[in-house]
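Protein chains in written order, with our numbering: chain A, 1 to 111; chain B, 112 to 224.
Yeah, the Cβ is synthetic: ideal placement off N, Cα and C, and Gly gets one too.
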Amino acid sequence: LAKTTQPISMDSYEGQEVNITCSHNNIATNDYITWYQQFPSQGPRFIIQGYKTKVTNEVASLFIPADRKSSTLSLPRVSLSDTAVYYCLVVLGAGSYQLTFGKGTKLSVIP
Amino acid sequence: NAGVTQTPKFQVLKTGQSMTLQCAQDMNHEYMSWYRQDPGMGLRLIHYSVGAGITDQGEVPNGYNVSRSTTEDFPLRLLSAAPSQTSVYFCASRIFSSNQPQHFGDGTRLSIL
């Protein structure tokens, strides 16, 4: 499983767009990039997943360059409720089962 | 649809005691797993199961046992609790044969004195 590197922490003001970049230099051809969000005292919650280019859902966007060695999670107009730890994971494609979590990025949204 | 349900939410044990953490899912997911999360750390895989009657070890299996007699339930057993097993335990499930995400329970916070 490819190792991921992401910032330990980030601060942002309410209403700003937040971009969290994750490095995964050893990503393999069949790997997907997946992001989870975790609030205190809760289990991780899936945010978004992608293989290449751009993926967007109602919560976030995920940008993946052509070489796939990094990815950027974009959260538009964050609010206080977006304060959480965000994990970038590289997972195998169909049939995979193991998730390897790093320490994640602790995002603090400031009023 | 309750998703993944873990019980209890909190538990305090003495060293040497045994305990079973319960996990149930109502989504008919084949794959279930147990993770532990220590302060300031990411989650580490303890055991997982790809279906009833099939289990395997993850990254940190020592001190834990599992079994999977039904699709819905995947209990985690501590046979002789040790202070090093103080942690928050998360159960997760997903459809096995796809790249669908895992669904996590809200955890069991376990303290061993």
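If I follow the unbroken beta strand (DSSP E) through residue i, where does it start and stop?
i      : result
B/S176 : The sequence as given places Asn at residue 176 of chain B; Ser does not occur at that position. From DSSP, the beta strand (DSSP E) with B/N176 extends over 175–177.
B/F121 : 121–124
A/Q38  : 31–38
B/S198 : 198–205
A/S61  : 61–64
B/H158 : 154–162
B/D167 : 165–168
A/A28  : It is not in any beta strand (DSSP E) - A/A28 carries neither H nor E in the DSSP assignment.
B/N139 : No beta strand (DSSP E) holds B/N139; DSSP gives it neither H nor E.
Does the CB of residue i have a neighbour CB from chain B at under 8 Å?
i      : result
A/G50  : no
A/P44  : yes
A/L62  : no
A/G104 : yes
A/L75  : no
A/Q37  : no
A/Y86  : no
A/L99  : yes
Compare the Cα-Cα distances from residue i to each of the options and report the closest residue.
i      : options                        : result
B/Q213 : B/A203, B/T219, B/L221         : B/A203
B/N139 : B/S191, B/D184, B/Y200, B/L221 : B/D184
A/T53  : A/G43, A/P65, A/F46            : A/P65
A/I59  : A/V90, A/P76, A/M10, A/C22     : In the sequence as displayed, the identity of residue 59 of chain A is Val instead of Ile. Cα-wise, what sits closest to A/V59 is A/P76.
A/E14  : A/V78, A/Y86, A/T34            : A/V78
A/S61  : A/D67, A/I48, A/R68            : A/I48
B/S222 : B/S144, B/T197, B/M143         : B/T197
B/A135 : B/I165, B/F201, B/L224         : B/F201
A/N57  : A/S74, A/D67, A/S41, A/R68     : A/S74
Would residue i pass as an interface residue toward chain C - the criterion being a Cβ-Cβ separation below 8 Å?
i     : result
A/Y32 : Absence of chain C from the displayed structure is noted, the protein chains being A and B.
Am I right that residue i and residue j are in contact with their C-beta atoms under 8 Å? What's the rounded C-beta distance?
i      : j      : result
A/S108 : A/T72  : A/S108 to A/T72, Cβ: 19 Å. No contact.
B/A163 : B/S180 : 6 Å
A/G50  : A/Y36  : Actually they are not in contact, since the Cβ atoms of A/G50 and A/Y36 sit about 13 Å apart, beyond 8 Å.
B/D217 : A/G43  : 5 Å
B/G174 : B/Y159 : Actually they do not touch by this definition, with Cβ atoms about 16 Å apart.
Cβ atoms of residue j and residue i: under 8 Å apart, would you say?
i      : j      : result
A/S9   : A/T100 : no
B/L122 : B/T182 : It should be noted that the sequence gives Gln, not Leu, for residue 122 of chain B. No, they are not a contact pair.
B/F207 : B/V115 : no
B/S178 : B/P186 : yes
B/S144 : B/L156 : yes
A/H24  : A/S81  : no
A/C22  : A/T34  : no
A/Q38  : A/C88  : no
A/Y86  : A/I20  : yes
B/K125 : B/L224 : yes
B/L189 : B/M152 : no
B/V161 : B/Y142 : yes
Less than 8 Å between CB atoms is the rule here; does residue i satisfy it with respect to chain A?
i      : result
B/N173 : no
B/D217 : yes
B/F201 : yes
B/M152 : yes
B/N169 : The amino acid at residue 169 of chain B is misidentified as Asn; the sequence shows Gly. True, the Cβ-Cβ gap to chain A drops below 8 Å.
B/N236 : Because chain B spans 112 through 224 in this model, residue 236 of chain B falls outside it and cannot be assessed.
B/P194 : no
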